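Going by UniProt numbering, the first residue of the sequence shown is number 1, and it counts up by one from there.
Positions of the beta carbon are idealized from the N, C-alpha and C atoms, including for glycine.
Computed from a prediction, not measured in an experiment: that's the story for all the values here.
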Amino acid sequence: MSIPRLVAIGLAAGAFVAPGTGIALTASDVPLPRERPGSVASEADAAKAAPAETDAAETDATEREAAGTESGTADTDIGDADAPGAKFSSNGIALPRQRPPEAGPRFGPDGALGAVADDATAAAVREAVNHISARRFDAALAIQKKIADPAARTLIEFLYVRDYSLSAPHARIADFLDNNPDWPNRELIRKRFEVALLAQRAKPDTVIAAFEEEAPLSSAGTIVFASALDKAGNLDRARAMIRALWRSASLTQGEEKLVLERFGKILTGEDHKVRMDRLLYKGETAAALRVAKKLGGNNLKLAEARIAVIRRSKAAGSALDKLPDTSKADPGYLLSKVQWYRRTGKEAEAAKLLLSAAFDDDKLVDPDEWALERRIIARELIEEDNAKAAYDLVSTHAAESAIDRLENEWHAGWIALRFLKDPEAAKTHFAELKTIATTPISQARAEYWLGRASEEGGEPERALEHYLAAGAFPTTYYGQLSLDRVGRTSVPGPDKPLIADTARRIVNERDSVRAMRLLAQIGEKDQAARYMISMANETDDPLTLVGLAETAQRMGLKWGTVWIGKRGSQAGAPTDAYAFSTDGMPDYPKMGAPIDPAVVYAIARQESVFNPEAVSPAGARGLMQMMPATAKATARSVGQPYDLKRLTADPRYNATLGAAHLGELADYYNNAFALVFAAYNAGPGRVSEWIERFGDPRKGEIDPVDWVELIPFNETRNYVQRVMEGLQVYRASLGGSQKLLIADDLRLPIGYGNTMIAVDTGSRPGVYDNGVPGVFSGFGSGPLDTGGAPATALGFGEGH
1 MSIPRLVAIG
11 LAAGAFVAPG
21 TGIALTASDV
31 PLPRERPGSV
41 ASEADAAKAA
51 PAETDAAETD
61 ATEREAAGTE
71 SGTADTDIGD
81 ADAPGAKFSS
91 NGIALPRQRP
101 PEAGPRFGPD
111 GALGAVADDA
121 TAAAVREAVN
131 HISARRFDAA
141 LAIQKKIADP
151 AARTLIEFLY
161 VRDYSLSAPH
171 ARIADFLDNN
181 PDWPNRELIR
191 KRFEVALLAQ
201 RAKPDTVIAA
211 FEEEAPLSSA
221 GTIVFASALD
231 KAGNLDRARA
241 MIRALWRSAS
251 LTQGEEKLVL
261 ERFGKILTGE
271 DHKVRMDRLL
281 YKGETAAALR
291 VAKKLGGNNL
301 KLAEARIAVI
311 RRSKAAGSAL
321 DKLPDTSKAD
331 PGYLLSKVQW
341 YRRTGKEAEA
351 AKLLLSAAFD
361 DDKLVDPDEW
371 ALERRIIARE
381 LIEEDNAKAA
391 YDLVSTHAAE
401 SAIDRLENEW
411 HAGWIALRFL
421 KDPEAAKTHF
431 AELKTIATTP
441 ISQARAEYWL
451 GRASEEGGEP
461 ERALEHYLAA
471 GAFPTTYYGQ
481 LSLDRVGRTS
491 VPGPDKPLIA
501 DTARRIVNER
511 DSVRAMRLLA
521 QIGEKDQAAR
531 YMISMANETD
541 DPLTLVGLAE
551 TAQRMGLKWG
561 TVWIGKRGSQ
571 AGAPTDAYAF
581 STDGMPDYPK
591 MGAPIDPAVV
601 YAIARQESVF
611 NPEAVSPAGA
621 RGLMQMMPAT
631 AKATARSVGQ
641 PYDLKRLTAD
651 PRYNATLGAA
661 HLGELADYYN
671 NAFALVFAAY
681 NAGPGRVSEW
691 IERFGDPRKG
701 EIDPVDWVEL
711 IPFNETRNYV
721 QRVMEGLQVY
731 RASLGGSQKL
741 LIADDLRLPI
751 GYGNTMIAVD
761 TGSRPGVYDN
771 GVPGVFSGFG
781 SGPLDTGGAP
791 ATALGFGEGH
C-alpha cells in the first residue's frame, strides 16, 4: 500500500508558558508582564514539533531536542491559563464515550457533579467575567460587591489580581496572596505583585517589607527591591543583586534600560562580558549583540563570530578563524568552534576540542550546554564506529542540571553496554542514573538498564531484582519491558483509588475548588481545567491530587483529568486511572484498515490529551492532531469529504480520519507499532531512512529496544515510548485483553536478547508475586545477535 509521506505534527513543547516571565516597557517605561500566548498544549514529554532540522536563527533548540532529554519527566505547566473569554475557551462540545465492541471502558464519569451556585449567582459571575475579559474592572468589582457566595466573590478577585494589565493595587494583590494560599497561579500572581510594586511606585519601606521573607521571582521584582535598598542606604546588597541579575537574567530591552539608567555606573566590563556569554549560550543573539557593543573591540568580534555559528552562516568558519589568539582561548569560542566542526562533518576534531576543555564551571559558563554538545557528537561518533571516543565524551561531563546529568549518564551506560560490551562500566553509569531519577518513567528506565547490564555481566539474580524494581511502575515503557523480561504475561488496567470519593469531598470543601466548578458551570470549562492543573502542579499531597483528579473527571474536564492524573502519578499519588482516562474519545465511524481502539486512545492521549479543539503552532488539529494535508489525503483514501473546520469542530470526524490513517500505517508496517508510532509522529519517509541506517527490527537486524533509542529525534523517541506504554494500559482499561503484548508490538524476537528470566513459582511471575526468587534459565552472554552485521548496524545518528 502506498503511504503518503506526510508528517503528522502534534503540539509544540512549552506552548503553555507561564505569563509574567517577560517584561515589556510601556510608554512610561513601566515594565508590564507579557501575557502568555493563547494555545492549547498536550504535554512536554510528548510535545509534537516537526522533528526535522530547522533553521536555528536564534537558538540551537533543535540540537537540544535531538540530543535527548529525559523522556517524559515532566509535563508542561499549563496552569497559568489565559483569562476566561480568551479564544481557546470551551465551546461546550460534549464527547460521548467510545465503547469498543468487546466491552465498555473500565473508567468513566461516575456521577457528574451538579451546579455549585444558584442561577442568579452564576449569571452575576458570568457578567463579571465578561467585564474582566474586556478590562472593565470597575464594573466587575461592582458586581462582586453584590454577590454573597464567598467562592464566587473570591473567584472574581482572583481573575482581577492575576490580570496582566496590573489594574489591581499592589496592596490588594498582596492581600489576595496572604488570604488565599490554596488558589492557583500563586507564582504568576506573585510576579504580578512585584511588577505592580515597580509600576505603582511603591514606597521603599513597603518594597523592602514585601521581600523580607520571599526573594523576588521576577526581574522587575529584583529591580524594584534593589532600588529600594539603594534608597535605604544598603548599597552593597543592592549592587550585588543588580550585578547578579545583569549577569544571569534574560531581560527585555525595557528592563535593560531600567537597569542601565539606575545602576549602569556600577556594572563593570566583566559584568558585561559574563552577560554576553550567557546570552550567547541561550541563543539570545539580539540581546547579546547589544551588550557586546558596549564592550567593543575583540569581544564584539567574538560575539559576531559566535552569532554567525548560531545562525549557521556560511561565513561562520572564516569569522572564527579571523579572531585573534586571545579570543580563541575563550571557552565560548571553543564551544562555537566545536559546533562548527560538527556541522561541517568534522566530528573527530570536535571531540578532540571538547575533551580538551576545562571542567571549571565558571569558565564553561553553562556546563549543561557543554554536556549537550558531548551527547550530540557522541551520537555521531557511534555511526562512525568510534564508540570509545563517544563513551569518553559522555562519561566525562560537568553537567549541573538533573536532566543533563541523567542524560549523559544514560548515554555513557548505554554506549558502554551496547557498543563497548563493558557491562561493569555500564552498571556504574546506570547506578548513577538511578540516584538522579525521580519520576516513575526515569526510575523504571534506570532499573531496566541496570537489569540489562547485570544480565550481560552474568548476574541473573541481580538482574531479576532490577527488573522487578522497574516493573513496580507497570504503566511505564521500561517497566512494561521489564515485566515482559521476567515472564509477566499480563498488566492490569489501573483502577481508581479507594480514597477517590473521600478525597473529592475534602477538596470540594475549598472555595478554590468550588470556584473552578462555578467557572465550568458558566461555560468556562477549559479555564477551569487550566486552573485546576495549576493547583495540581503546586502540590505533592496525594489526597489533594486524587481529589482534584476525581473532581475534574466528574466535571467532564476530559483533558484536564488526564493532565492532573499525570501530575499525580509523577508525584507518587495513585492517579494512574485518571492519567489513562477512557472518557476522551467519541464513538466514531470506523473506516479503512482496522485498528485496535487501544492504539487510537494511546495516540489521542499523547497528541491532544483528548482536547478536541487543540491546534498546534505547526497547524495540527483536533483529537488526533491531524495535519491538514494528511487529513485531506486520508479522507480521500476512505471516500470521505475533506473539511478543515471539522477537524476541530467535529471530534468524531477527526477521530475517524486519525484512526483510518493509523490503520493505514499499521497495515503498511505489519503492526510493528514502534514503526507505526514513529511514522505517525515523524512521517514514513523518516522511518524508511532510519530502517536503512540502523536496521529493520522486524527482520531481527537490530534489537527493537535499541532501534527506538537510536531514533535521532528525542521528541520522536519519547513519543514512541509514551504511546507504546499507553497502548498496553488501554488494552486492559478498555475492557479487552489484559495480556502484556509489548514484545509483540515492538517485534522483539523469541528469546529476546537470548534471555528469559523467570521466577520458579509454578506460573509465569509478576512484580506483585511474593517470595524468594527461584530458578533462572536461558541466560545469554551478549546482546542481540546482529547476524554478522557490523557495529554500525547498531549505530545512531543525530539531528543537527
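Delimiting residues of the alpha helix (DSSP H) encompassing residue i
{"i": "Thr648", "result": "646-649"}
{"i": "Met724", "result": "714-733"}
{"i": "Ile533", "result": "525-537"}
{"i": "Arg162", "result": "No alpha helix (DSSP H) holds Arg162; DSSP gives it neither H nor E."}
{"i": "Thr285", "result": "285-295"}
{"i": "Val411", "result": "Looking at the sequence provided, one finds His at residue 411 rather than Val. 402-418 is the span of the alpha helix (DSSP H), which, as asked, contains His411."}
{"i": "Arg190", "result": "186-199"}
{"i": "Asn179", "result": "170-179"}
{"i": "Trp449", "result": "440-456"}
{"i": "Ser356", "result": "347-356"}
{"i": "Trp183", "result": "Taken as a continuous stretch (DSSP letters only), Trp183 belongs to no alpha helix (DSSP H), as it is neither H nor E."}
{"i": "Met241", "result": "235-248"}
{"i": "Thr268", "result": "Careful: Thr268 lies outside any alpha helix (DSSP H) and carries neither H nor E."}
{"i": "Ala115", "result": "Premise fails: Ala115 is in no alpha helix (DSSP H) and is neither H nor E."}
{"i": "Leu251", "result": "Counting along the chain, Leu251 falls outside any alpha helix (DSSP H), and DSSP gives it neither H nor E."}
{"i": "Gly332", "result": "331-343"}
{"i": "Phe430", "result": "423-436"}
Residue(s) in a DSSP beta bridge with residue i
{"i": "Lys739", "result": "Ser490"}
{"i": "Val615", "result": "Arg621"}
{"i": "Met626", "result": "Arg621"}
Integer-rounded CB distance, given that residue j should sit under 8 Å from residue i
{"i": "Ala390", "j": "Ala378", "result": "4 Å"}
{"i": "Ile742", "j": "Met724", "result": "7 Å"}
{"i": "Gln640", "j": "Ala115", "result": "In fact, because the Cβ distance is near 39 Å, the residues do not count as touching under 8 Å."}
{"i": "Pro184", "j": "Glu538", "result": "7 Å"}
{"i": "Arg622", "j": "Thr648", "result": "In the sequence under discussion, the amino acid at residue 622 is Gly, which differs from the Arg named in the question. Contact flag correct, Cβ pair sits at about 5 Å."}
{"i": "Leu740", "j": "Thr489", "result": "6 Å"}
{"i": "Thr222", "j": "Leu245", "result": "5 Å"}
{"i": "Gly458", "j": "Lys427", "result": "Contact flag wrong, Cβ pair sits at about 12 Å."}
Residues of its chain near residue i, where Cβ-Cβ distance is below 7 Å and the 5 sequence neighbours each way are ignored
{"i": "Gly547", "result": "Ala503, Arg504, Ile506, Val507"}
{"i": "Leu644", "result": "Pro628"}
{"i": "Asp513", "result": "This sequence places Val at residue 513; Asp is not what is there. So the qualifying residues of the chain are Val507, Thr551."}
{"i": "Asp119", "result": "none"}
{"i": "Ala139", "result": "His131"}
{"i": "Thr154", "result": "Asn180, Asp511, Ala515"}
Residues near residue i by beta carbon distance below 6 Å, same chain, minus five either side
{"i": "Leu229", "result": "Arg237, Ala238"}
{"i": "Tyr642", "result": "Lys632, Ala635"}
{"i": "Gln339", "result": "Val309"}
{"i": "Leu159", "result": "Ile132"}
{"i": "Gly584", "result": "Lys558, Phe610"}
{"i": "Ala602", "result": "Val723, Gly726, Leu727, Tyr730"}
{"i": "His397", "result": "Ala371, Arg374, Asn408"}
{"i": "Asp366", "result": "Tyr281"}
Reduced DSSP category for residue i - H, G, I as helix; E, B as strand; rest coil
{"i": "Thr54", "result": "Only weak support exists for where Thr54 lies, its pLDDT of 30 falling under 50; the value from the coordinates is given anyway. Coil."}
{"i": "Val676", "result": "helix"}
{"i": "Val599", "result": "helix"}
{"i": "Arg510", "result": "coil"}
{"i": "residue 803", "result": "Since the first residue of the chain shown is 1 and the last is 800, residue 803 is not available in this structure."}
{"i": "Pro574", "result": "coil"}
{"i": "Pro474", "result": "coil"}
{"i": "Asp321", "result": "helix"}
{"i": "Ala41", "result": "Because the pLDDT of Ala41 is 31, which lies under 50, any placement of that residue in the model is unreliable, and the question is left without a value."}
{"i": "Gln521", "result": "helix"}
{"i": "Phe610", "result": "coil"}
{"i": "Phe694", "result": "helix"}
{"i": "Asn386", "result": "coil"}
{"i": "Val125", "result": "helix"}
{"i": "Phe580", "result": "coil"}
{"i": "Ser219", "result": "helix"}
{"i": "Val309", "result": "helix"}
{"i": "Ile499", "result": "coil"}
Same chain only: Cβ atoms within 8 Å of residue i, ignoring 5 sequence neighbours per side
{"i": "Glu214", "result": "Arg190"}
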